[in-house]
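Since the structure comes first, as structure tokens, the remarks are kept for the end.
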Amino acid sequence: MASSENSPASSAVSDAVAQLPLPAIPALDGAAWCTHTSFYGARHRPFEANAGEDVLDYERLEHVGDALLGAEVTLLLVKSDLVSNQTLALISSRLGFPSQLRAAAAQLYQLRNNPLVQASMFEAYLAQLHVEKGHAAFQLFVNLLFSRLVPVVVQAVRAAKPAAPAIPSIGTVNYVGMLMEWTPRMRGRGGRTVTFTPSRRGGLAPQPLWELSCTVQQHERQGVTDTREYDGMGSTVAEAKRHAAYQACLDLGLI
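So for the sequence shown, the UniProt record's numbering puts the first residue at 1; every next one is plus one.
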């Protein structure tokens, strides 16, 4: 499970979980979800269960719960902030799961206060809920918990993103044509050249922001070259090009 500690939504999610209205917790028959391996004494065994072997602790269940939860919350498009050890440990604590942990007496206090154990218990509970009650019960419980956190994550991430730079309004004048007409009007000298760099796309998919540069060079007979660059941006390539040409025309005294 990934960590979301560096996410701009991390603090907001933590605060939201602390005030989250808790749904009714479906009662389960089995206790494997809240049982640590130490409860049965120290033993080493392969991860894969042997044929016919019962699941006695949450070690295997948590992986199933992780997969189920990830698949469900991915539909909300904010998985990285909602399905993290940090968030799941907070939810597990709010639901009172750590106090139900069964483990060896010598390790019980330490394990109950371990965030990784708390998160694992929550995932194991979801897996056992799915096994005992079916997908509909699992889905309802997950949605009741996480649907209230989605607006918190969206708002926090949106607030952390810098606003797109405003594109100035420059009217409908053909500044590209104006600049190109000015280019050959340099008699008795070395000449002028105007070039536009390839455009670069930025911004978000629904609202792209195109950027490009306009380079103006004035060549003197003595070999001296005056080079100036002007940056333009716009919602289309043509608009970005016109904006760059406008900057050039303004600086060169053409307008």
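For each residue, glycine too, the CB sits at the ideal point set by N, CA and C.
None of these values were measured; they are calculated from a predicted model.
Residues near Ala119 by beta carbon distance below 7 Å, same chain, minus five either side: Stepping through the sequence shown from its first residue, residue 119 is reached at position 119. Same-chain partners within the cutoff: Met1, Asn85, Leu88, Ala89, Ser92.
Buried/exposed call for Val173, threshold 16 Cβ in 10 Å: Looking up residue 173 in the sequence shown gives position 173. Exposed, since its Cβ has fewer than 16 Cβ neighbours within 10 Å.
Assuming Arg35 contacts Arg102 (C-beta within less than 8 Å), just tell me the rounded distance between them. Along the sequence shown, read from residue 1 onward, the residue named residue 35 stands at position 35. Along the sequence shown, read from residue 1 onward, the residue named residue 102 stands at position 102. Before going on, a small fix: residue 35 reads as Thr here, not Arg. The Cβ separation is near 5 Å, so the contact holds.
Using a 10 Å radius around the Cβ and a threshold of 16 neighbouring Cβ atoms, would you call Ala18 buried or exposed? As a working mapping, residue 18 is identified with position 18 in the sequence shown. Flag for Ala18 reads exposed.
Limits of the beta strand (DSSP E) - the one that Val194 falls within: The sequence position of residue 194 within the sequence shown is 194, counting from 1. Segment 191-196, the beta strand (DSSP E) holding Val194.
Chain-order list of residues whose beta-carbon lies under 6 Å from that of Phe47 (same chain, five-residue window excluded): As a position in the sequence shown, residue 47 is number 47, starting the count at 1. At Phe47 the pLDDT is 49, less than 50, meaning the model places this residue with poor confidence and gives no usable figure here.
Pairwise C-alpha distance: His130 and residue 289: Nothing about residue 289 can be read from this structure; the chain reaches only from 1 to 255.
Run through DSSP, which three-state label would Gln19 get? Locating residue 19 in the sequence shown gives position 19, where the first residue counts as 1. In the structure shown, Gln19 sits in coil (DSSP, three-state: anything other than H, G, I, E or B).
Just reading off the alpha helix (DSSP H) that Glu229 is part of, what are its end residues? Position 229 of the sequence shown holds residue 229. Segment 225-234 is the beta strand (DSSP E) holding Glu229; no alpha helix (DSSP H) there.
Segment limits, alpha helix (DSSP H) that includes Cys249: Taking the sequence shown and counting its residues from 1, the one referred to as residue 249 is at position 249. 237-251 is the span of the alpha helix (DSSP H), which, as asked, contains Cys249.
Report back the beta-carbon spacing between Gly65 and Ala127 to the nearest angstrom; my notes put them in contact at under 8 Å. Position 65 of the sequence shown holds residue 65. Position 127 of the sequence shown holds residue 127. Indeed, because the Cβ distance is near 4 Å, the residues count as touching under 8 Å.
Can you check which of these residues, Gly253, Pro26, Val237, is closest to His135 by C-alpha distance? If you number the sequence shown from 1, residue 135 lands on position 135. Taking only the C-alpha atoms, the option nearest His135 is Pro26.
Nearest to Gln247 (by Cα), restricted to the options Glu123, Glu229, Phe97: On the sequence shown, position 247 is the one that residue 247 refers to. Cα-wise, what sits closest to Gln247 is Glu229.
Leaving aside the five residues before and after Arg242 along the sequence, list all residues of the same chain whose C-beta is less than 6 Å from its C-beta, in chain order. Here residue 242 corresponds to residue number 242 of the sequence shown, with the count starting at 1. Cβ within range, chain order: Tyr175, Val176.
With DSSP run on the structure shown, which of helix, strand or coil describes Ser213? Position 213 of the sequence shown, counted from the start, is the residue given in the question as residue 213. Note: Ser213 maps to strand in three-state DSSP.
Among Val216, Pro198, Ala156, Glu123, which one has its Cα closest to the Cα of Pro184? Here the question's residue 184 lines up with position 184 in the sequence shown. The candidate whose alpha carbon is nearest that of Pro184 is Val216.
Return helix, strand or coil for Gln107, following the three-state DSSP convention. For the purposes of this step, residue 107 is taken as the residue at position 107 of the sequence shown. Gln107: coil per DSSP, three-state reduction.
Looking at the secondary structure, which residues open and close the alpha helix (DSSP H) in which Tyr125 lies? One-based indexing of the sequence shown puts residue 125 at position 125. 115-133 is the span of the alpha helix (DSSP H), which, as asked, contains Tyr125.
Would Ala119 pass as an interface residue toward chain B - the criterion being a Cβ-Cβ separation below 9 Å? Absent from the structure: chain B. Only one protein chain is present.
Reference Thr227; option with closest CA among Lys133, Gly191, Ser14: By 1-based counting over the sequence shown, the position of residue 227 is 227. The shortest Cα separation from Thr227 among Lys133, Gly191, Ser14 belongs to Gly191.
Nearest-angstrom Cα distance between Asn114 and Tyr125? The residue you call residue 114 lines up with position 114 of the sequence shown. The residue you call residue 125 lines up with position 125 of the sequence shown. Straight-line Cα distance between these residues: approximately 17 Å.
Measuring only the C-alpha atoms, how far is Val83 from Met180? On the sequence shown, position 83 is the one that residue 83 refers to. On the sequence shown, position 180 is the one that residue 180 refers to. Going by the C-alpha atoms only, they are around 56 Å apart.
Between Met233 and Trp210, how many whole angstroms is the CB-CB distance? I'm expecting something under 8 Å. Residue 233 sits at position 233 when you count from the first residue of the sequence shown. Residue 210 sits at position 210 when you count from the first residue of the sequence shown. About 7 Å; that satisfies the 8 Å criterion.
Would you grab the beta carbon distance between Pro23 and Phe141 for me? Rounded to a whole angstrom, and I think it's under 8 Å. Mapped onto the sequence shown, residue 23 falls at position 23. Mapped onto the sequence shown, residue 141 falls at position 141. Sure, about 6 Å apart at Cβ, within 8 Å.
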